[in-house]
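Below: the structure, in structure tokens.
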Amino acid sequence: MHRSRLAQLVIDCETTDPDWAAQFWAQALGCRIQAIGDAADEMYRRLLVHANQPCLLVQAVPHASRVHLDIETDDVEAEVVRLERLGAARIAQVKRWWVMAAPTGQRFCVLPPQRQDFPAHSNVWR
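Residues in the sequence shown are numbered from 175 upward in steps of one, following this note's numbering.
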């Protein structure tokens with residue numbers, strides 16, 4: 175048994191300046207910006223949204239700009255296998271998560287829990 179759910183929407187921005195990208199999206203959506211404390215995560219900026227809205231992350235990337243979903247789980251490998259059975263494919267492992275492709279072509283990530291309320295508001299898979 176493991177759990178998973180939608181963690182956040184990630185706005186991938188083809189830029190080397192995550193502050194610039196986050197500034198646009200923060201102003202467009204009426205949010206404040208929060209840097210993520212770890213130096214290894216310097217390419218990310220969190221947009222602080224209302225509690226009833228999906229979490230948003232801005233990411234500076236070297237590829238074309240797009241938006242992707244992150245699925246958080248308490249067992250990354252089990253969730254990846256479950257999604258592969260549904261037709262998804264592994265693309266690349268990054269740090270502690272997997273970049274995957276849906277059978278419809280969209281990229282998404284499967285990663286460890288990101289939000290404190292994860293256990294209480296997640297799907298249970300057997």
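For every residue, glycine included, the Cβ atom is placed at its ideal position computed from N, Cα and C.
- Taking a C-beta distance under 8 Å as the contact criterion, L203 and Y218 do not qualify as a contact pair.
- The Cβ neighbour count for V268, taken over all protein chains shown within 10 Å, is under 16; the residue is labelled exposed.
- When DSSP states are grouped into helix, strand and coil, D215 belongs to the helix group.
- For T247 and P293, the gap between their C-alpha atoms comes out near 9 Å.
- The residues P277, in chain order, have a CB closer than 7 Å to that of G261 in the same chain once the five nearest residues on each side in sequence are set aside.
- Around W299, the same chain offers M175, H176, R177, S178, A252, E253, R256 as residues with beta carbons nearer than 8 Å, after the five sequence neighbours per side are excluded.
- In the three-state reduction of the DSSP assignment, V223 falls in the coil class, being assigned neither a helical nor a strand state.
- Straight through space, the alpha carbons of V241 and D186 are spaced by roughly 6 Å.
- The three-state secondary structure of D291, taken from DSSP, is coil.
- The bridge partners DSSP lists for V298 are R177.
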